[in-house]
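Engineer: Before we start, here is the structure in question, set down as structure tokens.
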Amino acid sequence: MDIQRWVLFFLISVGRGSALTEISSAQSEQFLNWLYNKSQEASFAIKTTEAHHFRRIAFLHMQAAGLSEQEILKSSIGRGFGIRDGNGILFISHVGQIYPSGFLPIPTGNIIGSSLVEIYRDHPLFKSLRNVESLSGKCGNCPFRWICGGSRARAYASTGDPLESDSLCPYQPQSKGAALDCDS
Ligand code: SF4
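Residue numbers (my numbering): 394 to 577.
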């Protein structure tokens with residue numbers, strides 16, 4: 394078959410997904426490294442959803458291959474950005490509830506009686522999701538927070554705080570430092 398793209402969705406334990414069990418962070422790390430190598434030889438594009446830390450893995454592979462930081466940031470990995478929830482997308486439920494994304498079911502208002510534009514632009518949750526410096530836990534300290542940022546949906550599903558760490562990523566940043574920034 395003439396495959397164009399393989400998109401792998403990583404589980405977020407919300408809704409019907411809460412009955413399923415996630416892979417471990419160690420399995421995720423092993424799998425994403427395998428996936429990066431596959432992406433280098435496949436004739437089709439490989440993408441992940443809710444596995445933001447694939448960007449960290451790709452960055453480190455490219456760095457090990459001799460690419461400079463600037464070269465990596467100009468690649469398709471660097472040109473993208475990490476957190477999409479409330480940052481270019483939002484989700485409206487069948488009863489009109491407005492969420493930052495379909496996997497992040499925190500109501501910020503209702504389409505009936507609220508201004509969608511005002512909520513998107515000014516609601517504190519939307520604003521904090523667009524500011525990686527508001528992240529807490531290890532994601533908040535991580536130099537990859539701009540290009541990755543972790544899954545906000547998984548952070549919310551596992552801790553109740555959408556700005557906390559992504560539990561699927563095993564990476565442990567040493568201390569808070571400057572973030573790699575796609576705009577730099
Ligand atoms: S610690 Fe968070 S920001 Fe850093 S690579 Fe892991 S998921 Fe991404």
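A virtual CB, placed ideally from N, CA and C, is assigned to each residue, including glycine.
In this text the structure is predicted, and so the values were computed from the model without any measurement.
G542: beta carbon under 8 Å from a heavy atom of the ligand SF4?
Structural biologist: Numbered from its first residue, the sequence shown carries residue 542 at position 149. Yes, the ligand SF4 has a heavy atom inside 8 Å of this Cβ.
Engineer: Using only the alpha-carbon positions, how far apart do P566 and E526 sit?
Structural biologist: Here residue 566 refers to the residue found at position 173 when the sequence shown is read from its first residue. Here residue 526 refers to the residue found at position 133 when the sequence shown is read from its first residue. Looking at the two C-alpha atoms, the distance is approximately 15 Å.
Engineer: S560 and K531 look like a contact to me (Cβ under 8 Å); what is the Cβ gap, rounded to whole Å?
Structural biologist: Position 167 of the sequence shown holds residue 560. Position 138 of the sequence shown holds residue 531. Going by Cβ atoms, the distance from S560 to K531 rounds to 10 Å, so no, they are not a contact pair.
Engineer: Taking the beta carbon of E464 as the centre, do at least 16 other beta carbons fall within 10 Å, making it buried, or is it exposed?
Structural biologist: Position 71 of the sequence shown, counting from 1, holds the residue named residue 464. Counting Cβ neighbours within 10 Å, E464 comes out exposed, since fewer than 16 surround it.
Engineer: If you compare alpha carbons, which of L413, K431, R545, L401 is closest to K440?
Structural biologist: To locate residue 440, count along the sequence shown from 1; it is residue 47. Of the listed residues, the one whose Cα sits closest to K440 is L401.
Engineer: Please list the terminal residues of the continuous beta strand (DSSP E) segment that includes K440.
Structural biologist: Reading the sequence shown from its first residue, position 47 is the one you call residue 440. Unbroken beta strand (DSSP E) run through K440: 438–442.
Engineer: Across which residues does DSSP place N503 in a beta bridge pair?
Structural biologist: Locating residue 503 in the sequence shown gives position 110, where the first residue counts as 1. Beta-bridge pairing links N503 to Q490.
Engineer: Cα separation between V510 and F496?
Structural biologist: As a working note, residue 510 is residue 117 in the sequence shown. As a working note, residue 496 is residue 103 in the sequence shown. Cα to Cα, the separation comes out at about 20 Å.
Engineer: Take every Cβ of the stretch 440–456, pair it with every Cβ of the stretch 535–551, and state whether three or more of those distances are shorter than 8 Å.
Structural biologist: Short answer: they touch.
Engineer: Which residues in the same chain have their Cβ closer than 7 Å to the Cβ of L528, if we skip the five residues on either side of it in sequence?
Structural biologist: On the sequence shown, position 135 is the one that residue 528 refers to. Result list for L528: R538, G542, L556, in chain order.
Engineer: Is N524 buried or exposed, if buried means 16 or more other CB atoms sit within 10 Å of its CB?
Structural biologist: Against the sequence shown, residue 524 aligns to sequence position 131. Classification of N524: exposed, given that the 10 Å Cβ count is below 16.
Engineer: Tell me, to the nearest whole angstrom, how far the beta carbon of A435 is from that of S421; I am working on the premise that it is less than 8 Å.
Structural biologist: Here residue 435 is taken as the residue at index 42 of the sequence shown, counted from 1. Here residue 421 is taken as the residue at index 28 of the sequence shown, counted from 1. 19 Å between Cβ atoms; not a contact.
Engineer: Should F437 go down as buried or exposed, given a rule of 16 or more other Cβ atoms within 10 Å for buried?
Structural biologist: Taking the sequence shown and counting its residues from 1, the one referred to as residue 437 is at position 44. That one is exposed.
Engineer: Rank R545, S521, N534, S551 by C-alpha distance to the C-alpha of T442 and give the top, closest one.
Structural biologist: Position 49 of the sequence shown, counted from the first residue, corresponds to residue 442. It is R545 whose Cα lies nearest to the Cα of T442.
Engineer: CA-CA distance, P517 and M394?
Structural biologist: As a working note, residue 517 is residue 124 in the sequence shown. As a working note, residue 394 is residue 1 in the sequence shown. Those two C-alpha atoms are separated by around 46 Å.
Engineer: Give me the Cα-Cα distance between G479 and Q490, rounded to the nearest whole angstrom.
Structural biologist: Taking the sequence shown and counting its residues from 1, one reaches residue 479 at position 86. Taking the sequence shown and counting its residues from 1, one reaches residue 490 at position 97. Cα to Cα, G479 sits roughly 14 Å from Q490.
Engineer: So what's D478 in DSSP terms, helix, strand or just coil?
Structural biologist: In the sequence shown, residue 478 corresponds to position 85, counting from 1. If DSSP states are grouped into helix, strand and coil, D478 belongs with the strands.
Engineer: Would A563 and S418 be called neighbours here (beta carbons separated by less than 9 Å)?
Structural biologist: Numbered from its first residue, the sequence shown carries residue 563 at position 170. Numbered from its first residue, the sequence shown carries residue 418 at position 25. The amino acid at residue 563 is misidentified as Ala; the sequence shows Pro. Yes, they are a contact pair.
Engineer: Out of curiosity, what's the CA-to-CA distance linking S508 and S486?
Structural biologist: One-based indexing of the sequence shown puts residue 508 at position 115. One-based indexing of the sequence shown puts residue 486 at position 93. One C-alpha to the other measures close to 15 Å.
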